[in-house]
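Note sheet for the following structure.
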Amino acid sequence: MKNNFKFFQIVLLMCGVFGAGTDEVKTVMEGESVTLNPDLTQIQGIIQMMWRFRDLRSVIAQIDGNDTSLSPSLPEMFKDRLKLDQTGSLTITNMRTNHTGLYKLEINHDGGTLYLDFRVTVYKSPAVIEAFKGEMKSLSETEGESVSLQTDTETHGDELIVWRFGDEGKLIAEQDLETKSPPLYDPDERFRDRLKLDHQTGSLTITNIRITDSGVYKVKISSSKQILQKRFTVTVSVPGLSPGAVAGIVVGVLLVFSAVVAAGVLYYRHKVSELLKKMTRVSKSVLKGRPVTLNYNTVIQKDDKIQWKFGEKLIAEMTGENRENPQWTDEFRDQMKLYPLTGSLIIQQTRPEHTGLYKLEIKTRDYSTFRVFRLIVCDEVKSVSVMKGADVTLCAKIQTGDKIFWMFGDDNSPVAKNTGEKCEEESEFRDDRFKHKVDLNRQTGDLTIKTIETFHTGEYKLKIIRNGKSSFKLFTVTVSRPVNESVLKGRPVTLNYNTVIQKDDKIQWKFGEKLIAEMTGENREKPQWTDEFRDQMKLNPLTGSLIIQQTRSEHSGLYKLEMYKSYYSTSIPFRLIVGG
1 MKNNFKFFQI VLLMCGVFGA GTDEVKTVME GESVTLNPDL TQIQGIIQMM
51 WRFRDLRSVI AQIDGNDTSL SPSLPEMFKD RLKLDQTGSL TITNMRTNHT
101 GLYKLEINHD GGTLYLDFRV TVYKSPAVIE AFKGEMKSLS ETEGESVSLQ
151 TDTETHGDEL IVWRFGDEGK LIAEQDLETK SPPLYDPDER FRDRLKLDHQ
201 TGSLTITNIR ITDSGVYKVK ISSSKQILQK RFTVTVSVPG LSPGAVAGIV
251 VGVLLVFSAV VAAGVLYYRH KVSELLKKMT RVSKSVLKGR PVTLNYNTVI
301 QKDDKIQWKF GEKLIAEMTG ENRENPQWTD EFRDQMKLYP LTGSLIIQQT
351 RPEHTGLYKL EIKTRDYSTF RVFRLIVCDE VKSVSVMKGA DVTLCAKIQT
401 GDKIFWMFGD DNSPVAKNTG EKCEEESEFR DDRFKHKVDL NRQTGDLTIK
451 TIETFHTGEY KLKIIRNGKS SFKLFTVTVS RPVNESVLKG RPVTLNYNTV
501 IQKDDKIQWK FGEKLIAEMT GENREKPQWT DEFRDQMKLN PLTGSLIIQQ
551 TRSEHSGLYK LEMYKSYYST SIPFRLIVGG
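Each residue of the sequence shown is one higher than the one before, starting from 1 at the first, in UniProt numbering.
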């Protein structure tokens, strides 16, 4: 009886449908590492442990007794990336999106066989990231010149190079050397056609540098051997200004101008200060009810004084000397806090009426500086995962007479709207990456992005004005590279969709333009099959993943998963190659 049960386990495993469920879920960003730690405390007499990825037959790493080893036929995607220790923990370094998937650990022990599942999702570098560490260098340049931010390292061919700019950490340049793909540059107005990435060192050159390019630049270079992080503070000065004037321009608006300074210089400095105010505007989005922090990342000194305003209303004041006892306006006293070290503003439970413009003024003994925050409190926040090259539709769910504004990114660049009016949250600059790429359905308000690219990853904000009242929705879109699967003829293969199907979801699988099957979350156990494919394939009822049980040469080709959710729809392509 025991042998029959083991045989049944083996049959299920070969068909790709046996498992113990997902024990752990890991989410990491490209270039980072992840360690899959099995809990072995309750397992006695371990004989052998084997790690597999996606295709359940291929072992990538194993422990046999006291011997640890990696597979001699390890796929190229895992070369120099895997580390296995005696506890069975598997570390994957310098990850890419193609490392997304199910990692299964088979443990053979005295009591039988146990399977542990680890589902790993690797995301592209987001458009904006705040936290950052690394060595700091300072550079001063004159407007109109070129500046090269040197990493002082050499690349070896497997690095992921990511450059960011500003306190908000906006992605401006990226290159994956492993895929031998060309560098990707952020096509916004600030750096258009002025960036050049050196693939041999990871250094970044900015040509024809401008006053508004002043700020902090951050680079992260990830490889299988190490992660290098550096920061550069760049100060751009105007030709002919004194060093004192340059310093004043960079930090803010000088409180007192010398009477002997020429009128032309005063005017120029005024223009520069206005540019710098625009440069330091930070946009934040948060789900209603959640806390949010408007960060000022500099320690307040003893003689400093800070003041926060919401629009023109005073919120609070604080001095460095009396940082533990800020002075609050009654309206905001019980809703917010100030962080004593930096003066950052913390809103503890956000409400729609907290949406708006927040101004921070810091006065020191020598100068005054400003920071402006645009906060948007959203009624809904949705995550959307889509493959590069697919079309994706973000659903607005509007009513007749609603005015809508679609915006993108941390600077709220306008994408589409159904009215000639201007939205106070949107920026003045239209993002050219959406030129000829979007369609707006004026009846439903739905936004379709056609043939989406990785640089379309980011936050899409929808403002709806109904009967004079405004509300917001946020869609966080992550674009991954297309999935290519290879399998030997006769072997099973699973085309994985790594998200649980919800009750109201509907999915549809196609081979080329032929319908294979369709399934709803409500009726997940009874998918509807086309006769041609009924006996060859199965659908995973939890995720809708397509399982081809015994592959044949004619199964090679393009498969499409069409996903319809309540708030978006998309088509995910899979390219399958059946060899042998």
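All C-beta atoms in this analysis are idealised placements derived from N, C-alpha and C, irrespective of residue type, glycine included.
As the structure is a prediction and not an experimental result, all values here were calculated from the model.
For residue i, count the other beta carbons within 10 Å of its own beta carbon; 16 or more makes it buried, fewer makes it exposed. Which is it?
{"i": "Ala262", "result": "Unreliable placement is indicated for Ala262, whose pLDDT of 40 sits below 50; the coordinate value is still reported in the next sentence. Flag for Ala262 reads exposed."}
{"i": "Lys461", "result": "buried"}
{"i": "Leu116", "result": "buried"}
{"i": "Asp303", "result": "exposed"}
{"i": "Thr97", "result": "buried"}
{"i": "Val25", "result": "exposed"}
{"i": "Lys463", "result": "buried"}
{"i": "Arg81", "result": "buried"}
{"i": "Asn496", "result": "buried"}
{"i": "His354", "result": "buried"}
{"i": "Phe429", "result": "exposed"}
{"i": "Arg119", "result": "buried"}
{"i": "Ile47", "result": "exposed"}
{"i": "Ser427", "result": "buried"}
{"i": "Gly401", "result": "exposed"}
{"i": "Thr494", "result": "buried"}
{"i": "Val292", "result": "buried"}
{"i": "Leu149", "result": "buried"}
{"i": "Glu459", "result": "buried"}
{"i": "Ile72", "result": "In the sequence on display, residue 72 carries Pro and not Ile. It counts as exposed."}
{"i": "Thr179", "result": "exposed"}
{"i": "Leu84", "result": "buried"}
Per DSSP, what kind of secondary structure is residue i in: helix, strand or coil?
{"i": "Pro527", "result": "coil"}
{"i": "Met77", "result": "helix"}
{"i": "Asp39", "result": "coil"}
{"i": "Pro414", "result": "strand"}
{"i": "Ser148", "result": "strand"}
{"i": "Pro573", "result": "strand"}
{"i": "Asp176", "result": "strand"}
{"i": "Asp439", "result": "strand"}
{"i": "Thr329", "result": "coil"}
{"i": "Asn484", "result": "strand"}
{"i": "Ser385", "result": "strand"}
{"i": "Phe533", "result": "coil"}
{"i": "Glu522", "result": "coil"}
{"i": "Asn467", "result": "coil"}
{"i": "Ile404", "result": "strand"}
{"i": "Thr454", "result": "helix"}
{"i": "Gly353", "result": "Checking the displayed sequence, the identity of residue 353 turns out to be Glu instead of Gly. Of the three classes helix, strand and coil, the one that applies to Glu353 here is helix, per DSSP."}
{"i": "Ser553", "result": "helix"}
{"i": "Phe429", "result": "coil"}
Please name the residue, chosen from the options, that lies closest to residue i on a Cα-to-Cα basis.
{"i": "Gln502", "options": "Gly468, Gly521, Leu314 and Gln508", "result": "Gly521"}
{"i": "Ser553", "options": "Ile577, Ile547 and Asp535", "result": "Ile577"}
{"i": "Tyr564", "options": "Leu70, Glu24 and Ser385", "result": "Ser385"}
{"i": "Arg534", "options": "Thr68, Glu518, Asn523 and Tyr460", "result": "Glu518"}
{"i": "Lys489", "options": "Ala416, Gly580 and Gly512", "result": "Gly580"}
{"i": "Arg575", "options": "Tyr567, Asn325 and Leu561", "result": "Leu561"}
{"i": "Glu361", "options": "Trp406, Asn325, Phe405 and Glu312", "result": "Glu312"}
{"i": "Tyr217", "options": "Pro291, Val122 and Ser138", "result": "Ser138"}
{"i": "Phe434", "options": "Ser470, Ile465 and Asp391", "result": "Asp391"}
{"i": "Arg374", "options": "Glu380, Ser368 and Leu357", "result": "Leu357"}
{"i": "Leu341", "options": "Glu331, Ser58, Pro326 and Asp330", "result": "Pro326"}
{"i": "Lys305", "options": "Asp330, Gly343, Asn297 and Ser283", "result": "Gly343"}
{"i": "Asp446", "options": "Ser203, Ser181 and Lys417", "result": "Lys417"}
{"i": "Glu143", "options": "Ser89, Thr153, Ile211 and Gln150", "result": "Ile211"}
{"i": "Asn108", "options": "Ile63, Val372 and Leu70", "result": "Ile63"}
{"i": "Glu532", "options": "Asn523, Ile452, Ile516 and Ser545", "result": "Ile516"}
{"i": "Met50", "options": "Gln42, Gln44, Thr41 and Gly65", "result": "Gly65"}
{"i": "Thr35", "options": "Glu459, Val122, Ser148 and Pro182", "result": "Val122"}
{"i": "Ser471", "options": "Trp406, Lys437 and Thr457", "result": "Trp406"}
{"i": "Ser486", "options": "Leu558, Asn467 and Thr457", "result": "Leu558"}
{"i": "Glu425", "options": "Ser33, Glu30, Ser285 and Gln348", "result": "Ser285"}
{"i": "Phe78", "options": "Asp67, Ala61 and Asp334", "result": "Ala61"}
{"i": "Glu141", "options": "Phe232, Ser237, Gly88 and His436", "result": "Ser237"}
{"i": "Thr570", "options": "Phe370, Lys450, Thr454 and Asn498", "result": "Lys450"}
I think residue i touches residue j, with their Cβ atoms under 8 Å apart; what is that distance to the nearest whole Å?
{"i": "Gln549", "j": "Gln536", "result": "7 Å"}
{"i": "Leu394", "j": "Phe310", "result": "Not confirmed; about 30 Å, so no contact."}
{"i": "Lys124", "j": "Ser480", "result": "6 Å"}
{"i": "Ile206", "j": "Leu195", "result": "6 Å"}
{"i": "Val377", "j": "Arg351", "result": "6 Å"}
Measuring only from the beta carbon, is residue i closer than 8 Å to any heavy atom that is part of the ligand MN?
{"i": "Ser427", "result": "In the structure on display, the ligand MN does not appear, and there are no ligands present to speak of."}
Which runs of the alpha helix (DSSP H) spanning at least 4 residues fall entirely within the stretch 193 to 233, listed in chain order?
none
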